[in-house]
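Asks: Sharing a structure below in structure tokens format, with a few things to ask.
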Amino acid sequence: MYWLIGSLIIILMMGVLAVADDVVLPADLSLLDIVGTSNMSLALIIFATILLVSAQFNIPSIDRHNVNKNTSNSIYRHTKLPFRLIRYLVLALLAAALVIGSALQALVTHQQAETTEITLPMRVQALVRAEGLSDSVYDAATDSGYRQVAVITNIAPLVAELTPQELATKTSNYLKVDRNSLSSSYDVNSNEVSLKVSEHRILLNAYPRKSANDSQFAALNDLQPGDEIFMSLALAPLATSEQAVNNPTGFDSYRWLRGRHIDGVANILAVSPTLVNNNEINDGKYSKQSLDSDSYLQRFRTRIDQGRWRLRQHFYQDWSAQTTAEQQAKAVTLSLLTGDRSLINRDTKDLYQLAGISHLLAISGTHVLFLAIVLAGIVVLLFDRNCSAIYRRIPRWQVRWWVMIGAAFIYALFTGFDVPAARTAWMLLAIGFVRLTLFPISTMHVLLALAVLMAWHDPYVLWQAGYWLSFIAVALLLKYDDTSYEHQTTATTLYDDKQRTRISNALSSHVWQVFKRVFKLQFWLFLTLLPVTLLLFGKASLWGLFINLFAIGLFGWVIVPLNLLAGLCYLLVPSIADILWVIISTIVGHLHDLMSWLTSLPALSDAWLYTPVNIAILSMALLSALPWLLPRGLLSRWLTLPPLTLLMMTVYANQQSFVTIPTLYILPTGDSYITAALLQYPTVNEDSTNWLFLADHRPVSTRTMPSSLTADKLATNLEQQLGSLSVDKLESIVIQSSSDGLTDTLIPDDKNTANTKNSDLLPMTVAQLNDRLPISQYWQAGRSDRWSTFQQAYKTIRQSEDTPTISAQRCEQGKIWESANDEFSVQAITGWTEIGDTSVWDCTIALDTNLPIRVLRYNAADPLKSLPANSPVSPQTQIATSQLTSKQSASSQSRLILNADTHQRVWQMWSLLCSADMLNDDMLFKNRRWLGHSASQITADVINYQGIDEVITYDSNPLEVALSLNNIDSIPNVETTNPPK
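Dropping the structure here:
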């Protein structure tokens with residue numbers, strides 16, 4: 004019953020949070036006015052305590068030695084039955100109250116979050132208070148932006164752009180008047196600023212911009228936790244979880260931000276050069292007023308965060324004068340000490356993820372427990388030598404326990420009090436309390452109770468991956484320790500006998516036994532956590548099974564102890580701490596070199612495991628592991644075979660479902676103008692033929708913002724998406740947009756088509772993908788004479804001569820590729836590189852197939868639930884399209900056109916040279932679809948002449964020229980229509 008009720012509570016709270024966004028409560032029903040979150044948490048704890056006490060209550064037996072046997076049996080039965088029924092009824096009511104109350108707690112928490120959330124974008128000026136450490140630092144040299152959780156108050160509409168000097172004047176005026184009177188003068192419910200409350204917790208962002216004044220943004224790194232400063236901000240609401248479908252990585256930013264209780268995001272427009280709580284300006288008057296308004300716990304937390312900030316500044320000294328390797332070694336050292344990962348760049352994070360040890364960058368329970376054990380041992384040793392008389396009043400274990408609790412909570416606060424550190428501190432407190440009261444509660448029950456209590460205190464913690472991984476990993480470790488204790492005792496006895504007989508082999512036998520136990524434990528944790536990891540992150544690194552074997556020992560017994568010792572020395576003798584940190588950084592740097600070498604081995608390049616995991620697969624995996632998790636003998640281990648077989652069949656069916664039907668996946672890239680599409684076409688000889696199409700749809704005739712994507716980021720996202728779709732090799736990559744960097748000579752153009760598209764983003768992405776995946780062909784629009792030079796430059800940048808070489812073929816009009824069995828072909832219908840005009844080089848592709856190709860929008864969170872890409876046109880057009888498609892479905896031939904034009908000259912050239920070819924193709928392809936961008940320069944005449952049945956856009960915005968196709972009569976017959984001039 005204990006595990007059943009605890010599981011129901013957590014599952015029901017997760018379900019309430021999942022559907023709460025779609026549930027609209029009546030306006031007159033405010034759960035916040037009826038119950039509060041703190042009151043509800045207290046009530047749930049009281050109900051849980053009563054339930055636990057009632058479950059331990061037993062009906063006392065009757066003394067039957069002094070009465071007649073028959074009479075005693077009758078009295079015993081009639082006496083016990085009513086009490087048993089009443090007891091079961093009370094337990095059922097308390098359990099139902101707990102479950103329903105937990106769901107109500109989740110709903111109240113969600114309603115409270117809705118009352119403070121930002122719902123509309125707006126520009127405001129506000130007083131910003133930094134809360135905790137920033138997530139990253141501002142560095143224009145490395146394009147690193149600034150991110151900081153902050154609380155904004157005194158919000159006023161921004162009617163005009165403010166300069167830093169104007170914000171400084173506003174700060175001076177603010178300090179001269181009373182704070183309460185000033186804050187009341189702003190009407191936050193005005194038409195200009197539509198906010199429900201006057202205080203919001205937001206995530207500040209500042210990105211490097213060439214046009215902005217970098218000096219004021221660089222000063223953001225000097226903001227300490229608790230500092231208050233005026234800023235002008237561009238507020239925006241949180242992205243909904245539905246937008247995770249269009250996220251290239253599937254990362255649900257909405258849930259991540261909600262888990263941190265953030266009401267909205269804001270881009271910083273301008274920053275005042277003067278702090279509000281600057282002691283040099285107001286002689287500390289406002290600082291004291293601000294501190295008095297906070298609780299003692301908040302002030303204590305702010306002081307700790309300021310200490311963490313000063314330690315970061317100590318590591319950040321002379322940062323630009325160091326190499327990247329030295330910087331990242333120091334950044335990882337700081338992260339292992341305080342959990343501050345703001346100095347770690349993207350490459351280092353990717354390296355740890357690929358190695359499967361990214362969990363070591365966070366402050367885990369091991370860090371907290373190790374420090375608590377060391378400090379407790381030191382204190383007990385001092386008491387043993389100097390004041391052992393204290394043990395007459397307090398047992399030794401209690402002295403150790405109190406020291407461990409104090410050290411655990413202080414260090415957990417110093418590292419941000421994240422879920423793993425908080426879980427360790429609370430578990431130490433709970434286990435000690437159980438031992439102190441002699442309650443018959445096991446450690447597993449304490450762990451489950453703690454998980455439920457943390458969910459009651461903050462239901463949004465259920466959306467944090469660290470919550471699940473932390474508690475599940477500890478539960479598995481406890482279970483592994485229980486099951487291996489007997490085997491460990493036997494092995495120790497055998498080892499002792501062997502040591503008496505063969506002393507010379509004692510050390511080798513001991514080392515082998517330790518390695519065997521460590522590998523068995525690591526293998527156990529990897530397999531049991533694999534379904535959860537795939538469910539939370541969509542991928543898992545196979546390197547983690549091997550690198551963790553030495554990385555955990557290196558971090559746990561060398562790096563972390565030295566780092567904690569250096570942290571203690573920093574409080575007393577900073578010079579000694581600097582020497583220790585130099586040693587630690589050197590070790591970490593060599594470890595990075597070793598991991599880079601291991602993960603770059605060509606034979607071991609396939610390190611990622613991509614398998615779509617849902618609740619059904621997770622349930623089958625749990626049923627497979629259940630006989631091994633329960634005590635030995637309770638369930639037969641052979642019962643693992645049925646769910647394990649079903650699990651393997653389901654996973655195999657999911658993998659094969661990607662290649663059974665011809666499918667074109669529209670892959671999200673993070674840039675509305677940069678598009679990627681993957682074609683998976685099953686063939687007879689092979690499993691499938693995979694083609695990747697890339698294009699940049701920025702019109703050259705109009706000015707648009709350049710892309711913020713980088714080749715590293717785009718290649719990494721594409722690699723993950725291809726892996727999740729079971730694509731391990733590509734037949735070809737086709738870049739449909741020409742690149743100026745690959746032309747033999749830059750061709751001058753007129754002022755209307757100036758060379759604004761001069762980025763080598765897509766070719767560089769191909770070079771990186773070629774380094775990671777086998778690619779047979781590479782088609783490049785435009786002239787690619789300098790591709791070999793470009794590829795050699797890429798090898799020089801990567802400092803690797805092992806990168807495979809691939810030749811570039813021009814994607815130009817008339818180029819055709821056909822499959823071996825003539826099931827489908829790829830044909831270029833535009834692109835004229837012999838003409839000295841880059842505006843006609845873009846390559847439009849026609850996919851001619853025997854089977855119709857379904858077009859899906861890739862869902863990174865769950866690829867199996869990718870939805871069809873519907874035509875973004877009017878309802879009349881959709882009806883006409885569906886009618887026309889149903890009439891022409893009898894033909895097995897279909898054509899899908901992938902358009903990539905950036906200038907109207909492309910289709911003007913096609914109308915002059917290639918429009919007559921459509922007459923011969925009319926009888927072959929009755930089902931014609933067009934997939935392009937809403938910014939396309941194609942004309943309605945060309946669409947009509949090609950006989951397009953359906954128009955689909957990459958960005959889901961309607962194509963304006965296609966809106967005229969509002970009925971079936973508007974689609975002319977190609978045979979009776981004259982070619983456009």
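Numbering (the working numbering), first residue to last: 4 to 984.
Glycine residues also receive a C-beta, built at the ideal position from the N, C-alpha and C atoms.
So for residue 254, helix, strand or coil by DSSP?
Replies: Stepping through the sequence shown from its first residue, residue 254 is reached at position 251. Of the three classes helix, strand and coil, the one that applies to residue 254 here is coil, per DSSP.
Asks: Taking just the CA atoms, how far does residue 621 sit from residue 867?
Replies: In the sequence shown, the residue the question calls residue 867 occupies position 864. In the sequence shown, the residue the question calls residue 621 occupies position 618. Near 15 Å, if we compare the C-alpha coordinates of residue 621 and residue 867.
Asks: Starting from the C-beta of residue 260, find all residues in its chain whose C-beta is less than 7 Å away, skip the five residues before and the five after it, and write them out in chain order.
Replies: As a first step, residue 260 is located in the sequence shown; it is residue number 257 there, counting from the start. Excluding residues within five positions, the ones whose Cβ falls inside 7 Å are 206, 241.
Asks: Thinking just about the alpha-carbon of each residue, which of 524, 534, 944 is nearest to the one in residue 553?
Replies: On the sequence shown, position 550 is the one that residue 553 refers to. The residue with the shortest Cα to Cα distance from residue 553 is 524.
Asks: Taking the alpha helix (DSSP H) that residue 588 falls in, what are its first and last residues?
Replies: As a first step, residue 588 must be located in the sequence shown, where it is residue number 585. Counting along the chain, the alpha helix (DSSP H) containing residue 588 begins and ends at 577-602.
Asks: Relative to the alpha-carbon of residue 726, which residue among 479, 338, 933, 544 has its alpha-carbon at the smallest distance?
Replies: Counting from one through the sequence shown, the residue named residue 726 turns up at place 723. It is 544.
Asks: Taking DSSP's pairing of strands, which residues face residue 515 in a bridge?
Replies: The count along the sequence shown starts at 1 and reaches residue 515 at position 512. Paired residue(s): none; residue 515 is not in a bridge.
Asks: From this set, 941, 583, 131, which residue's C-alpha is nearest residue 231's C-alpha?
Replies: By 1-based counting over the sequence shown, the position of residue 231 is 228. Measuring from the Cα of residue 231, the nearest candidate turns out to be 131.
Asks: So what does DSSP say about residue 210, is it helix, strand or coil?
Replies: On the sequence shown, residue 210 is found 207 positions in, with the first residue counted as 1. Correct three-state label for residue 210: coil.
Asks: For residue 960, does the three-state DSSP call read helix, strand or coil?
Replies: One-based indexing of the sequence shown puts residue 960 at position 957. Coil at residue 960, not helix or strand.
Asks: DSSP puts residue 277 in a beta bridge; with which residues?
Replies: Numbered from 1 along the sequence shown, position 274 holds the residue referred to as residue 277. Its beta-bridge partners do not exist; DSSP assigns none.
Asks: I believe residue 858 touches residue 667 by the beta-carbon criterion, under 8 Å. Please report the beta-carbon distance rounded to the nearest angstrom.
Replies: Stepping through the sequence shown from its first residue, residue 858 is reached at position 855. Stepping through the sequence shown from its first residue, residue 667 is reached at position 664. Yes, they are in contact, since the Cβ atoms of residue 858 and residue 667 sit about 5 Å apart, within 8 Å.
Asks: Relative to the C-alpha of residue 873, which candidate in 932, 846, 711, 397 has its C-alpha closest?
Replies: Here residue 873 corresponds to residue number 870 of the sequence shown, with the count starting at 1. When only C-alpha atoms are compared, the closest one is 932.
Asks: Relative to the C-alpha of residue 678, which residue among 743, 647, 568, 861 is closest?
Replies: Here residue 678 refers to the residue found at position 675 when the sequence shown is read from its first residue. Cα-wise, what sits closest to residue 678 is 861.
Asks: What does DSSP give as the partner residue(s) for residue 849 in the beta ladder?
Replies: One-based indexing of the sequence shown puts residue 849 at position 846. DSSP output for residue 849 lists 830, 900 as bridge partner(s).
Asks: To the nearest angstrom, how far is it from the Cα of residue 538 to the Cα of residue 170?
Replies: Locating residue 538 in the sequence shown gives position 535, where the first residue counts as 1. Locating residue 170 in the sequence shown gives position 167, where the first residue counts as 1. Going from the Cα of residue 538 to the Cα of residue 170 covers about 47 Å.
Asks: Taking three-plus beta-carbon pairs below 8 Å as touching, is the segment 411-421 in contact with the segment 363-380?
Replies: Segments in contact, yes.
Asks: Quick one: what's got a C-beta closer than 7 Å to residue 478's C-beta in the same chain, skipping five residues either side?
Replies: Position 475 of the sequence shown, counting from 1, holds the residue named residue 478. Closer than 7 Å at Cβ, skipping near neighbours: 447, 450.
Asks: Could you pull the start and end residues of the alpha helix (DSSP H) that residue 330 belongs to?
Replies: Here residue 330 refers to the residue found at position 327 of the sequence shown. Its alpha helix (DSSP H) spans residues 327-341.
Asks: Which whole-angstrom value is the C-beta distance of residue 650 and residue 627, which I expect to be below 8 Å?
Replies: For the purposes of this step, residue 650 is identified with residue 647 of the sequence shown, where counting begins at 1. For the purposes of this step, residue 627 is identified with residue 624 of the sequence shown, where counting begins at 1. Going by Cβ atoms, the distance from residue 650 to residue 627 rounds to 6 Å, so yes, they are a contact pair.
Asks: Taking just the CA atoms, how far does residue 333 sit from residue 147?
Replies: Here residue 147 corresponds to residue number 144 of the sequence shown, with the count starting at 1. Here residue 333 corresponds to residue number 330 of the sequence shown, with the count starting at 1. Near 17 Å, if we compare the C-alpha coordinates of residue 333 and residue 147.
Asks: With DSSP run on the structure shown, which of helix, strand or coil describes residue 142?
Replies: Within the sequence shown, residue 142 is the residue found at index 139, counting from 1. Residue 142: strand per DSSP, three-state reduction.
Asks: May I have the straight-line CA-CA distance separating residue 583 from residue 397, to the nearest angstrom?
Replies: As a first step, residue 583 is located in the sequence shown; it is residue number 580 there, counting from the start. As a first step, residue 397 is located in the sequence shown; it is residue number 394 there, counting from the start. Straight-line Cα distance between these residues: approximately 37 Å.
Asks: What first and last residue would you give for the alpha helix (DSSP H) that runs through residue 167?
Replies: Looking up residue 167 in the sequence shown gives position 164. Its alpha helix (DSSP H) spans residues 167-179.
Asks: Quick one: give me the first and last residue of the beta strand (DSSP E) that residue 785 is part of.
Replies: Looking up residue 785 in the sequence shown gives position 782. Taken as a continuous stretch (DSSP letters only), residue 785 belongs to no beta strand (DSSP E), as it is neither H nor E.
Asks: Return yes when the Cβ of residue 165 is within less than 8 Å of the Cβ of residue 127, no when it is not.
Replies: In the sequence shown, the residue the question calls residue 127 occupies position 124. In the sequence shown, the residue the question calls residue 165 occupies position 162. No, Cβ-Cβ distance for residue 127 and residue 165 is not below 8 Å.
Asks: How do the segment 114-122 and the segment 469-477 stand: do at least 3 beta-carbon pairs fall below 8 Å, yes or no?
Replies: The answer is no - the segment 469-477 does not touch the segment 114-122, with fewer than three Cβ pairs under 8 Å.
Asks: May I have the straight-line CA-CA distance separating residue 758 from residue 263, to the nearest angstrom?
Replies: Translated into the one-based positions of the sequence shown, residue 758 becomes position 755. Translated into the one-based positions of the sequence shown, residue 263 becomes position 260. Only weak support is given to the placement of residue 758: the predicted model assigns it a pLDDT of 37, under 50, and the value that follows is read from those uncertain coordinates. Straight-line Cα distance between these residues: approximately 44 Å.
Asks: Counting only the same chain and skipping the five closest in sequence on each side, list residues whose C-beta sits under 6 Å from that of residue 1014.
Replies: No answer is possible for residue 1014: it lies beyond the span of the chain, which begins at 4 and ends at 984.
Asks: In chain order, what residues of the same chain lie with their CB nearer than 6 Å to the CB of residue 588, ignoring the 5 residues before and after it?
Replies: For this step, residue 588 is matched to residue 585 along the sequence shown. Counting only Cβ-Cβ distances below 6 Å, and skipping sequence neighbours, we find 332, 333, 336.
Asks: Please report the residue range of the beta strand (DSSP E) in which residue 160 lies.
Replies: Counting from one through the sequence shown, the residue named residue 160 turns up at place 157. 149-160 is the span of the beta strand (DSSP E), which, as asked, contains residue 160.
Asks: From residue 728 to residue 722, what does the alpha carbon distance come to, in whole angstroms?
Replies: Indexing the sequence shown from 1 puts residue 728 at position 725. Indexing the sequence shown from 1 puts residue 722 at position 719. Distance between the alpha carbons of residue 728 and residue 722: 10 Å.
Asks: In this structure, how does DSSP classify residue 380 when only helix, strand and coil are distinguished?
Replies: Within the sequence shown, numbered from 1, the residue matching residue 380 stands at position 377. Of the three classes helix, strand and coil, the one that applies to residue 380 here is helix, per DSSP.
Asks: Within 10 Å of its beta-carbon, does residue 692 have 16 or more other beta-carbons around it, so buried, or fewer, so exposed?
Replies: The residue you call residue 692 lines up with position 689 of the sequence shown. With 16 or more Cβ atoms within 10 Å of its Cβ, residue 692 is classed as buried.
Asks: Which of the three DSSP states, helix, strand or coil, is assigned to residue 674?
Replies: Counting from one through the sequence shown, the residue named residue 674 turns up at place 671. Three-state result, residue 674: coil.
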